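Working notes for the structure below.
2 protein chains.
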Amino acid sequence: MSFARSAVCVKCGAEFEATPTVTTCKKCGGILDIKYDYEGIKKALTPAKLKDRREQTMWRYMEFLPVDPDVVGRINKLKVGCSPLYKVDRLAEKLGLGSLWVKDDGINPTASLKDRASAMAVVKATEAGMTTIACSSTGNAASSLAGNAAAAGYKTYIFVPERAPKGKVSQLMIFGANVISVEGNYEETFKLSAEAIDRFGWYNRNAAINPYLMEGKKTVGLEIAEQLDFKMPDYIAISVGDGCTIGGLWKGLKDLHAAGFIDRLPRIISVQSTGCYPINRAVMENKPWEPMEENTIADSIAVGVPRNPDKAMNAIRESNGICVNVTDEEILAAMKLLGGYGIFGEPAGVTGTAGLKKACEEGLIPKGASVVSVVTGNGLKDTANAIKAAGEPMKLRPELPLLIEAFKKAGKPLE
Amino acid sequence: MSFARSAVCVKCGAEFEATPTVTTCKKCGGILDIKYDYEGIKKALTPAKLKDRREQTMWRYMEFLPVDPDVVGRINKLKVGCSPLYKVDRLAEKLGLGSLWVKDDGINPTASLKDRASAMAVVKATEAGMTTIACSSTGNAASSLAGNAAAAGYKTYIFVPERAPKGKVSQLMIFGANVISVEGNYEETFKLSAEAIDRFGWYNRNAAINPYLMEGKKTVGLEIAEQLDFKMPDYIAISVGDGCTIGGLWKGLKDLHAAGFIDRLPRIISVQSTGCYPINRAVMENKPWEPMEENTIADSIAVGVPRNPDKAMNAIRESNGICVNVTDEEILAAMKLLGGYGIFGEPAGVTGTAGLKKACEEGLIPKGASVVSVVTGNGLKDTANAIKAAGEPMKLRPELPLLIEAFKKAGKPLE
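Here the protein sequences line up with chains A and P, keeping their order. 7 is the number that the working numbering gives to position 7 of the first sequence; each next residue is one higher, with no gaps. Add 1000 to the 1-based position in the second sequence for the working numbering, that's all there is to it.
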């Protein structure tokens, strides 16, 4: 049994039954939010009970999830979630922070945080009696859907615009997805996917339409809290694109708060690119959001028309959060910075850390604060930008004296 | 305290003290094997005790590892090990097997099984009082060393031949390794690394010289056993290059057997490429091994002069194992095959599965057998070959009737 009780519109407050196929508000078109019986959760689960649980995936937080546990148990699933939270003291010191943890979500099966949403989509499709799932995307949403659906033995139809990079398409093809390369732009691709989903009755995994995806993503927040023994940090930094991920993180924290697992909420640091920051701009200028160009190497957050701006802006405002925008150079520098601690993130994956660094340097965060920075995707997804970030190795003929000389010249003698 | 007792030469049987910097046999040059006080392990640890342990990394098997637990506790480590073991019933049925599990070790922090060896190298370097580690490699050994050492805050010197692919070098640079691109072939690169290691007294992470690397790798065998509740399968299939990984897997299983955790040992299926199979050839023809050319797309196992043939051949012979060689086409087909279950492996990573499929088709394995297949590296490490394996997506203009028509023509109508 599930503690989910209803789906409530974030815009007009209308309440709907939380059926597996519920999408957006029938009254105003707003996106829905899943509400729970928090008193029921409180009675069923405690931090101590959780500690003894052996399940090492996102499904360990079953009471907080809008699913039928029997259905979850029946499905062949990838091992999503329970990603590491690394305490990086040397970096904390460098940034003048009291403590800093990095949540490396690039360690998920298809190498991004989106696995949490796609794993949820597979479960909800099953509850709805459907075994075909569709979405339009070229990025992490698509690869995570293709991988998680493949594990379950389900069919996927994935619509990509023709300009989608070959490497990313190949990952979808490897997972056995039916990939349709559409001779048109993203808008036309999305429209064709919507028509086909309507016509054939496939399960819809388009973000910001399906409210359950965010319930999957929120597990990143549940994990951070549990990994810190439910003592929350002052801030959590995260990159923001269409707004679903920051919204999911915040939902997870609020659910924990409502169920009495944590006694305070952290402030969210929302990080976007200086080349594309419609959500941060709206919050900073206290105006409705407006579309922007998409000028950044961080492709996963190059979203000029965010699909989930309401939940994202709520997360920043409700948490008394901070908005930071970073340049591509700052993003590349953050790739290299985190690499120095053994963490390899894709550009959008490290954007949160780039913003955190900037916030520290600009005094937006007090000295000694405690912070978690979420890395949302693996650097192996984008080796072209890794090459840009990494610099060139030293080149020399195979002679020891040349090696010694070269390092001396470079100002870092061998030792 | 550790239960490791000595280091014994696999060739001449000479016994040495298991100091942190022990390398090869001082008498005959043979590679050493770490021996334990198995009675001591038996008293200290039981399967039931293990089950209650919360540590979710390779270090949960502390009693079986040649390390000082206090040292392990002190180091900043990546989350290595405890990778998923997926039961893939649909694939078992397809291959005529009774049961089949896939161990996905590409999920490790730097995306390969080699993280287990490098994590061990970092601990042993620490025990030796050293914080600089070196190796020569272009592949997974190098990236795993760079990543795991970075987490610990240690320096690395990594020697690569100039032909090393830029993408792989960039990963090393991201992790902050001192990368030396040597204008010469692999032999010259290795020689320069050996000279520099001697001269500067760095910790040596060259495989098949340092006996502890295999003790790290063996944890993949410990995990498989624990994940199967210590009921061993009939076979374990794994790809073989320089021989260290198959040797490590076998060592883990033998250690478990010696300590009474399992009551039988599986047969090992050793899979190499038809373009490079010196170890399998030696076993199949019952002759000493001889060098071979390196003609395969599976770069991580393209090893014409294996560095650890003795332990590899022992693993196959002692386990009454099976040798299978597969073509590049069969390797690419295995990438696509495993992708259909949500598992994305690099070419060398899926070679074990390619060999298992062939062994089933050729009747080398009885119908109904139980098998584990180990995937040793993540497909994101080699997207160029993923593109080869995956095929092309369907291309069309954004019109629903065209979509329906195209799928009908392809013989798989939409549903």
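Every residue, glycine too, gets a C-beta built ideally from N, C-alpha and C. Quantities reported herein were computed from a predicted structural model and do not represent experimental measurements.
Between which two residues does the alpha helix (DSSP H) harbouring residue i extend?
{"i": "N206 (chain A)", "result": "Premise fails: N206 (chain A) is in no alpha helix (DSSP H) and is neither H nor E."}
{"i": "T189 (chain A)", "result": "Y186 to F200"}
{"i": "I1279 (chain P)", "result": "P1278 to E1285"}
{"i": "F407 (chain A)", "result": "L400 to K409"}
{"i": "K43 (chain A)", "result": "Y38 to A44"}
{"i": "N385 (chain A)", "result": "T383 to A390"}
{"i": "P66 (chain A)", "result": "Taken as a continuous stretch (DSSP letters only), P66 (chain A) belongs to no alpha helix (DSSP H), as it is neither H nor E."}
{"i": "G1260 (chain P)", "result": "Per DSSP, G1260 (chain P) belongs to no alpha helix (DSSP H) and is neither H nor E."}
{"i": "E294 (chain A)", "result": "Looking at the DSSP string, E294 (chain A) is not in any alpha helix (DSSP H), and its letter there is neither H nor E."}
{"i": "K1079 (chain P)", "result": "Per DSSP, K1079 (chain P) belongs to no alpha helix (DSSP H) and is neither H nor E."}
{"i": "N314 (chain A)", "result": "P309 to E318"}
{"i": "L1050 (chain P)", "result": "P1047 to K1051"}
Who does residue i pair with in a DSSP beta bridge?
{"i": "R74 (chain A)", "result": "Paired residues: none, contrary to the question."}
{"i": "K94 (chain A)", "result": "Note: K94 (chain A) sits in no beta bridge, so no partner."}
{"i": "Y235 (chain A)", "result": "A:R267 and A:V371"}
{"i": "D33 (chain A)", "result": "A:V8"}
{"i": "D1087 (chain P)", "result": "It should be pointed out that residue 1087 (chain P) corresponds to Lys in this sequence rather than to Asp. DSSP lists P:W1101 as partners of K1087 (chain P)."}
{"i": "N178 (chain A)", "result": "A:Y157"}
{"i": "S112 (chain A)", "result": "A:G377"}
{"i": "E1015 (chain P)", "result": "P:V1008"}
{"i": "T1024 (chain P)", "result": "P:I1031"}
{"i": "Q227 (chain A)", "result": "Its beta-bridge partners do not exist; DSSP assigns none."}
{"i": "S1273 (chain P)", "result": "P:C1276 and P:V1326"}
Below 8 Å on the Cβ atoms is my contact criterion, and I expect residue i with residue j to pass it. Report the Cβ-Cβ distance as a whole number of Å.
{"i": "V8 (chain A)", "j": "D33 (chain A)", "result": "5 Å"}
{"i": "F1407 (chain P)", "j": "P1413 (chain P)", "result": "6 Å"}
{"i": "P233 (chain A)", "j": "V102 (chain A)", "result": "No, P233 (chain A) and V102 (chain A) are not in contact; Cβ-Cβ is about 12 Å, not under 8 Å."}
{"i": "C82 (chain A)", "j": "T57 (chain A)", "result": "6 Å"}
{"i": "V67 (chain A)", "j": "S2 (chain A)", "result": "6 Å"}
{"i": "G243 (chain A)", "j": "P306 (chain A)", "result": "5 Å"}
{"i": "S373 (chain A)", "j": "G352 (chain A)", "result": "5 Å"}
{"i": "A259 (chain A)", "j": "K42 (chain A)", "result": "5 Å"}
{"i": "M1335 (chain P)", "j": "A1302 (chain P)", "result": "Not really, about 16 Å apart at Cβ, beyond 8 Å."}
{"i": "G1106 (chain P)", "j": "V1375 (chain P)", "result": "6 Å"}
{"i": "P1291 (chain P)", "j": "G1304 (chain P)", "result": "5 Å"}
{"i": "T189 (chain A)", "j": "V160 (chain A)", "result": "7 Å"}
{"i": "T1245 (chain P)", "j": "L1113 (chain P)", "result": "6 Å"}
Going by the beta-carbon positions, is the gap between residue i and residue j smaller than 8 Å?
{"i": "D1115 (chain P)", "j": "V1080 (chain P)", "result": "yes"}
{"i": "I365 (chain A)", "j": "Y277 (chain A)", "result": "no"}
{"i": "S1273 (chain P)", "j": "V1326 (chain P)", "result": "yes"}
{"i": "W202 (chain A)", "j": "I158 (chain A)", "result": "no"}
{"i": "P47 (chain A)", "j": "F261 (chain A)", "result": "yes"}
{"i": "S1143 (chain P)", "j": "T383 (chain A)", "result": "no"}
{"i": "M1394 (chain P)", "j": "S181 (chain A)", "result": "yes"}
{"i": "I1316 (chain P)", "j": "I1238 (chain P)", "result": "no"}
{"i": "A150 (chain A)", "j": "G1342 (chain P)", "result": "yes"}
{"i": "V123 (chain A)", "j": "K311 (chain A)", "result": "no"}
{"i": "A1298 (chain P)", "j": "P1266 (chain P)", "result": "no"}
{"i": "A1125 (chain P)", "j": "T1156 (chain P)", "result": "no"}
{"i": "N140 (chain A)", "j": "L1380 (chain P)", "result": "no"}
{"i": "L1095 (chain P)", "j": "C1360 (chain P)", "result": "yes"}
{"i": "N76 (chain A)", "j": "A152 (chain A)", "result": "yes"}
{"i": "A164 (chain A)", "j": "L145 (chain A)", "result": "no"}
{"i": "A117 (chain A)", "j": "G216 (chain A)", "result": "yes"}
{"i": "I174 (chain A)", "j": "F1175 (chain P)", "result": "no"}
{"i": "L1222 (chain P)", "j": "F1064 (chain P)", "result": "yes"}
Starting from residue i and walking both ways along the beta strand (DSSP E), at which residues does that stretch end?
{"i": "T126 (chain A)", "result": "That residue, T126 (chain A), is in no beta strand (DSSP E); its alpha helix (DSSP H) goes D115 to E127."}
{"i": "T1132 (chain P)", "result": "T1132 to S1136"}
{"i": "W101 (chain A)", "result": "S99 to D104"}
{"i": "I1322 (chain P)", "result": "I1322 to V1326"}
{"i": "K1395 (chain P)", "result": "M1394 to L1396"}
Taking 7 Å as the line, does the beta carbon of residue i fall inside it for any heavy atom of the ligand COA?
{"i": "D229 (chain A)", "result": "Among the components of this structure there are no ligands whatsoever, and the ligand COA is therefore not found."}
Only counting runs of 3 or more residues, tell me where the beta strand (DSSP E) segments fall wholly within the stretch 1329-1360 of chain P, in order along the chain.
-> Correct list: empty.
Run through the stretch 147-176 of chain A for me and flag every whole beta strand (DSSP E) of 3 or more residues, listed as ranges in chain order.
-> Runs found: 155-161.
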